[in-house]
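Just below is one structure, and these are the notes that go with it.
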Amino acid sequence: MSASPILITGGAQRLGRHCAEQLINDGHPVIISYRRERPELEALRERGIITLEADFASEAGILDFLARLKRETASLRAIVHNASDWAPDSCGEEAGATFERLFRVHMQAPYLINLHARGLLEACSEPQRDIVHMTDYVVQKGSRKHAAYAASKAGLDNLTLSFAAMYAPDIQVNAIAPALIMLGED
């Protein structure tokens with residue numbers, strides 16, 4: 004196991020939480036970001052998972068998270084970009100704000116984190132360093148009711164290609180594009 008932690012954005016619930024719990028079970032140190040405080044975070048903290056609140060809906064929130072992350076650790080073994088937002092399309096006044104929020108969460112946050120945390124990955128003494136972007140199967144087919152979500156996830160899919168080219172061969176960058184995932188009743 005690496006002494007360098009694995010960062011999972013959006014690690015407080017569903018797939019992110021499951022990954023964090025599996026990694027800590029396997030002996031990896033883990034840092035997660037979360038959007039808002041929730042009761043189940045305490046159980047993660049008790050298991051040794053470091054939790055950092057983050058508002059990825061604004062550039063200032065992303066940069067604040069990065070500053071706190073760098074105070075928390077000097078290196079990272081991997082970054083898993085799992086933070087996500089889900090909103091149906093709308094023709095109302097909030098349509099532009101919804102699109103911008105999805106863009107920031109799904110594209111700008113991973114972009115800035117990848118750029119600003121590259122040094123943390125390079126500081127890891129392990130030969131294997133990774134960035135994983137959690138995209139979505141919907142990027143291949145589009146969506147009738149969630150076009151902004153699908154487009155922002157497709158943008159993240161394309162960022163995967165660019166960062167893979169930029170960071171090769173030292174840091175491997177890949178995407179995972181699941182469809183609907185059922186993780187228990189929560």
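Numbers in the numbering used here are just positions in the sequence shown, counted from 1, shifted up by 3.
Think of the CB as a built atom: it goes at the ideal place given N, C-alpha and C, for glycine as much as any other residue.
My understanding is that residue 65 touches residue 23, with C-beta atoms under 8 Å, so please give their C-beta distance in whole angstroms. Incorrect: roughly 20 Å between the Cβ atoms, too far for contact.
Does DSSP put residue 155 in a helix, a strand or coil? helix
So, residue 159 versus residue 124, is the Cβ gap smaller than 7 Å? no
For a quick check, are the C-beta atoms of residue 108 and residue 86 less than 7 Å apart? yes
Do the segment 129-149 and the segment 171-183 touch if we need at least three Cβ pairs shorter than 8 Å? yes
Beta-carbon gap between residue 92 and residue 154 smaller than 7 Å: no
Beta carbon of residue 104, beta carbon of residue 157: below 7 Å? no
Based on the DSSP secondary-structure assignment, which residues constitute the bridge partners of residue 177? 135
Between which two residues does the alpha helix (DSSP H) harbouring residue 81 extend? Segment 81-84 is the beta strand (DSSP E) holding residue 81; no alpha helix (DSSP H) there.
Residue 163, DSSP secondary structure in three states: helix
Let me know the alpha helix (DSSP H) ranges lying completely inside the segment 69-119, each 4 residues or longer, listed in chain order. 98-106 and 112-119
What does the alpha-carbon distance come out to for the pair residue 44 and residue 122? 28 Å
Cβ of residue 179 within 6 Å of any heavy atom in the ligand GDP? As for the ligand GDP, it is missing from this structure, which has no ligand bound.
Mind checking which residues open and close the alpha helix (DSSP H) that includes residue 35? No alpha helix (DSSP H) holds residue 35; the beta strand (DSSP E) holding it covers 33-37.
Which value, in whole angstroms, describes the spacing of the CA atoms of residue 40 and residue 19? 15 Å
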